[in-house]
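Peer 1:
Residue numbers (the working numbering), protein chains in the order written: chain P, 1 to 264; chain E, 1 to 343.
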């Protein structure tokens, strides 16, 4: 079973329904891919001896990532299971993934969101596909800048040819990396407290534009965004980090319009 | 910085003969601007105080603001009169575009300093909290354009598509003008005067009710979008889903239409929302039912096919422009387009 993006001609290994409830594209294509994957004839046992696959989930409910990984027989780690819901924010993921990467014995690590990610059989070729990027780390790319603080997205806009891609922005929900680089990169982020303070100030200003009833939720979300932190550090690694703006490995669905997936 | 004068002041100046002669420089500015040159650059040039470049006079502002649209949709070569920054805090394009439009409106204040038009009633819905930061009441209030706020007495936790429609239907019963426009108070801005809005709707559209069209369908209930997608294939226009946050129509027809839409909010509809929420349960760890209840689009979608050409979506953004997921090169603001121009 393979899913093809007819625009890019690629067969991505991971489908990310980021922003599940907010977007028609996600609402259409995520269930579409789900229904195709979970057919008994697709059940397999895929071995990825060179890749540590990890996700975070602190609930009792397995997410789509765990379900699809299980279905494909792929060994994986679920991190953060003991973190109480009230203590959770997405920035914790950086620490969890770093610690897991430190323990990893494989040359590569792959991090995936839990609830809105589907892993497809094309993952069996993930190492070879990753190497085509010529980078130490590859992030998925998406159509929307989130948090939507325009000035923060300028670097990505400069990198991408927006006439050629609908997905110029970093998405922190799916990435793959060489293990040593993963540890170094996440350490730089975790220790980047100056950025956190600055980011908090910027997002606080942005949140003031929102209706009062939305401000607390927006502030909590923006301030807890690990994506904002990953983005802030991108310019420091111009040759090591690539964004998958061509949906070679990771297909982010949010905000991508028109025909997007087809059976391969 | 040269400050634009109010329209009344322009009229007064003209009546006194102060600005009758138009300088060669002013004429050149007008030509440039009408060709969608940059108003801001021209203002800066005029501001530079060069002795052979006299400051723009009021007549120039008057002509410019009468002739030039602040916003051009390059995809369809249209000049929308109303813009909606739908969920402006969530979409990367919307927020900077709205900021830029506000800056442009600050320069072009006379554009909104309009006389009331007795043919049009403007309804703007908002509850008390979002009213505080509502763009439209602020703009209309500053410009002295009469409008009516509806739904302000509905607490946030009771705001649903149903209560919104109830407020619209109740307000429409009291509207006496032949035309009525409904806007989300929070994130809509007028780029033309009410007079021009009415004239454009009456002359450019043969429908009875015109809705904005957006690139994203909310809520994306499976099976509910087929009519819109059939009517407007994606290749024809990506702006193909109804945006009920911005509309204009004939008052008598709007009364009938929104009453019919409200009647569709039933136990069945609520069951559909619940079923859809459950459909997504395997993929997520939160409930979406409460969120979906805030939208009135699903019930409007149900009756759209019954009204044929009487109800139209502005899929070419001729009059109404929604910014949700807009692409950077689609829009030109004061002669500039693309994301770089928004920095």
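Beta carbons are placed, not taken as given, at the ideal position from N, Cα and C, and that holds for glycine.
When you compare each of E:270, E:228 and E:278 to residue 306 of chain E by their alpha carbons, which one comes out closest?
Peer 2: Taking the second chain and counting its residues from 1, one reaches residue 306 of chain E at position 306. Cα-wise, what sits closest to residue 306 of chain E is E:228.
Peer 1: So residue 146 of chain P and residue 111 of chain P are in contact, right, with Cβ under 8 Å, and what is the actual spacing, rounded?
Peer 2: If you number the first chain from 1, residue 146 of chain P lands on position 146. If you number the first chain from 1, residue 111 of chain P lands on position 111. Not confirmed; about 17 Å, so no contact.
Peer 1: Looking only at its own chain, which residues have a Cβ that is under 7 Å from the Cβ of residue 217 of chain P, when we skip the five neighbours before and after it?
Peer 2: Counting from one through the first chain, the residue named residue 217 of chain P turns up at place 217. Result list for residue 217 of chain P: empty, nothing under 7 Å.
Peer 1: Can you list the residues of chain P that residue 325 of chain E reaches, using a CB-CB cut of under 7 Å?
Peer 2: Indexing the second chain from 1 puts residue 325 of chain E at position 325. Result: 255.
Peer 1: Cα separation between residue 120 of chain P and residue 204 of chain E?
Peer 2: In the first chain, counting from the first residue as 1, residue 120 of chain P sits at position 120. In the second chain, counting from the first residue as 1, residue 204 of chain E sits at position 204. Answer to the nearest angstrom: the Cα atoms are 50 Å apart.
Peer 1: Buried or exposed: residue 9 of chain P, going by 16 or more other Cβ atoms within 10 Å of its Cβ?
Peer 2: By one-based count along the first chain, residue 9 of chain P stands at place 9. By the neighbour-count rule (16 or more Cβ atoms within 10 Å), residue 9 of chain P is not buried but exposed.
Peer 1: Hey, does residue 341 of chain E have any beta-carbon neighbour from chain P nearer than 8 Å?
Peer 2: The residue labelled residue 341 of chain E in the question sits at position 341 within the second chain. No - not a single Cβ of chain P is within 8 Å of the one on residue 341 of chain E.
Peer 1: Does any C-beta atom of chain P lie closer than 8 Å to the C-beta of residue 265 of chain E?
Peer 2: For this step, residue 265 of chain E is matched to residue 265 along the second chain. So no, residue 265 of chain E is outside the interface.
Peer 1: Within 8 Å, do at least three Cβ pairs link the stretch 125-139 of chain P to the stretch 80-88 of chain P?
Peer 2: Segments in contact, no.
Peer 1: Please list, in chain order, the chain P residues whose beta carbon lies closer than 7 Å to that of residue 328 of chain E.
Peer 2: Walking along the second chain from the start, residue 328 of chain E turns up at place 328. Per Cβ cutoff of 7 Å: 162.
Peer 1: Roughly how many whole angstroms lie between the Cα atoms of residue 163 of chain E and residue 151 of chain E?
Peer 2: By one-based count along the second chain, residue 163 of chain E stands at place 163. By one-based count along the second chain, residue 151 of chain E stands at place 151. Distance between the alpha carbons of residue 163 of chain E and residue 151 of chain E: 8 Å.
Peer 1: The alpha helix (DSSP H) that contains residue 186 of chain P, what's its start and end?
Peer 2: Residue numbering aside, residue 186 of chain P sits at position 186 when the first chain is read from its first letter. First-last of the alpha helix (DSSP H) with residue 186 of chain P: 179-190.
Peer 1: To which residues of the same chain is residue 216 of chain E closer than 8 Å at the C-beta, ignoring the five residues directly before and after it?
Peer 2: As a first step, residue 216 of chain E is located in the second chain; it is residue number 216 there, counting from the start. Within the same chain, residue 216 of chain E has close Cβ partners 241, 324 and 325.
Peer 1: Drop a sphere of 10 angstroms on the beta-carbon of residue 103 of chain P, count the other beta-carbons inside from all chains shown, and report buried for 16 or more, exposed for fewer.
Peer 2: Here residue 103 of chain P refers to the residue found at position 103 of the first chain. So residue 103 of chain P counts as exposed.
Peer 1: According to DSSP, what are the bridge partners of residue 250 of chain P?
Peer 2: In the first chain, the residue the question calls residue 250 of chain P occupies position 250. P:14, per the DSSP bridge assignment.
Peer 1: Determine the direct distance from the alpha carbon of residue 167 of chain E to that of residue 153 of chain E, and round the result to whole angstroms.
Peer 2: Walking along the second chain from the start, residue 153 of chain E turns up at place 153. Walking along the second chain from the start, residue 167 of chain E turns up at place 167. Cα to Cα, residue 153 of chain E sits roughly 10 Å from residue 167 of chain E.
Peer 1: Pop quiz: residue 122 of chain E and residue 213 of chain E are said to be a contact at Cβ under 8 Å. What is the actual Cβ separation, rounded to whole angstroms?
Peer 2: To locate residue 122 of chain E, count along the second chain from 1; it is residue 122. To locate residue 213 of chain E, count along the second chain from 1; it is residue 213. Residue 122 of chain E to residue 213 of chain E, Cβ: 20 Å. No contact.
Peer 1: Could you work out which residues of chain E lie near residue 27 of chain P, taking near to mean beta carbons separated by less than 7 Å?
Peer 2: Taking the first residue of the first chain as position 1, residue 27 of chain P is located at position 27. Within chain E, the residues near residue 27 of chain P are 220 and 222.
Peer 1: Any C-beta of chain P within less than 7 Å: which residues of the stretch 140-170 of chain E qualify?
Peer 2: Those residues of the stretch 140-170 of chain E that come within reach of chain P (Cβ to Cβ, closer than 7 Å) are 156.
Peer 1: Show which residues of chain E have a CB atom less than 7 Å away from the CB atom of residue 23 of chain P.
Peer 2: On the first chain, position 23 is the one that residue 23 of chain P refers to. Neighbours of residue 23 of chain P on chain E, chain order: 216 and 220.
Peer 1: For a contact defined as C-beta to C-beta under 9 Å, what are the partners of residue 95 of chain E on chain P?
Peer 2: Here the question's residue 95 of chain E lines up with position 95 in the second chain. Chain P residues near residue 95 of chain E: 148, 149, 150, 206 and 209.
Peer 1: At a CB-CB cut-off below 7 Å, which residues of chain E make contact with residue 157 of chain P?
Peer 2: Residue 157 of chain P sits at position 157 when you count from the first residue of the first chain. Here the neighbours are 339.
Peer 1: Tell me whether residue 236 of chain P sits in a helix, a strand or coil according to DSSP, three-state version.
Peer 2: Here residue 236 of chain P refers to the residue found at position 236 of the first chain. Residue state, collapsed to three classes: helix.
Peer 1: Going along chain P, which residues have a C-beta under 9 Å from residue 383 of chain E?
Peer 2: A question about residue 383 of chain E goes unanswered here, because the residues of chain E that appear run from 1 up to 343.
Peer 1: How would you write the range of the beta strand (DSSP E) that residue 239 of chain E sits in, first residue to last?
Peer 2: Sequence index remark: in the second chain, residue 239 of chain E carries index 239 (1-based). Where residue 239 of chain E is concerned, there is no enclosing beta strand (DSSP E), given that its DSSP letter is neither H nor E.
Peer 1: Quick check on residue 225 of chain E - is its C-beta less than 8 Å from some C-beta in chain P?
Peer 2: Sequence index remark: in the second chain, residue 225 of chain E carries index 225 (1-based). Cβ-Cβ to chain P under 8 Å: yes for residue 225 of chain E.
Peer 1: For residue 310 of chain E versus residue 218 of chain E, is the C-beta distance shorter than 8 Å?
Peer 2: Sequence index remark: in the second chain, residue 310 of chain E carries index 310 (1-based). Sequence index remark: in the second chain, residue 218 of chain E carries index 218 (1-based). No, these two residues do not count as a Cβ contact at 8 Å.
Peer 1: Since residue 238 of chain E meets chain P, which of its residues come closer than 8 Å, beta carbon to beta carbon?
Peer 2: Here the question's residue 238 of chain E lines up with position 238 in the second chain. 257 and 258, listed in chain order.
Peer 1: By DSSP's criteria, residue 3 of chain P is part of a beta bridge. Which residues make up the other side?
Peer 2: In the first chain, counting from the first residue as 1, residue 3 of chain P sits at position 3. In DSSP, residue 3 of chain P forms a bridge with P:263.
Peer 1: Alpha carbons only, please: which of P:22, P:105, P:90 and P:203 is nearest the one belonging to residue 222 of chain E?
Peer 2: In the second chain, residue 222 of chain E corresponds to position 222, counting from 1. Residue 222 of chain E has its Cα closest to that of P:22, out of P:22, P:105, P:90 and P:203.
Peer 1: Which residue comes first and which comes last in the alpha helix (DSSP H) that contains residue 181 of chain E?
Peer 2: Translated into the one-based positions of the second chain, residue 181 of chain E becomes position 181. Element bounds for residue 181 of chain E: not the alpha helix (DSSP H) but the beta strand (DSSP E), 179-184.
Peer 1: Could you give the residue range of the beta strand (DSSP E) that holds residue 32 of chain P?
Peer 2: Translated into the one-based positions of the first chain, residue 32 of chain P becomes position 32. Per DSSP, residue 32 of chain P belongs to no beta strand (DSSP E); it is in the alpha helix (DSSP H), 24-37.
Peer 1: Contact between the stretch 172-190 of chain P and the stretch 232-244 of chain P is defined here as three or more beta-carbon pairs at a separation below 8 Å; is this criterion met?
Peer 2: At 8 Å Cβ cutoff, the stretches touch.
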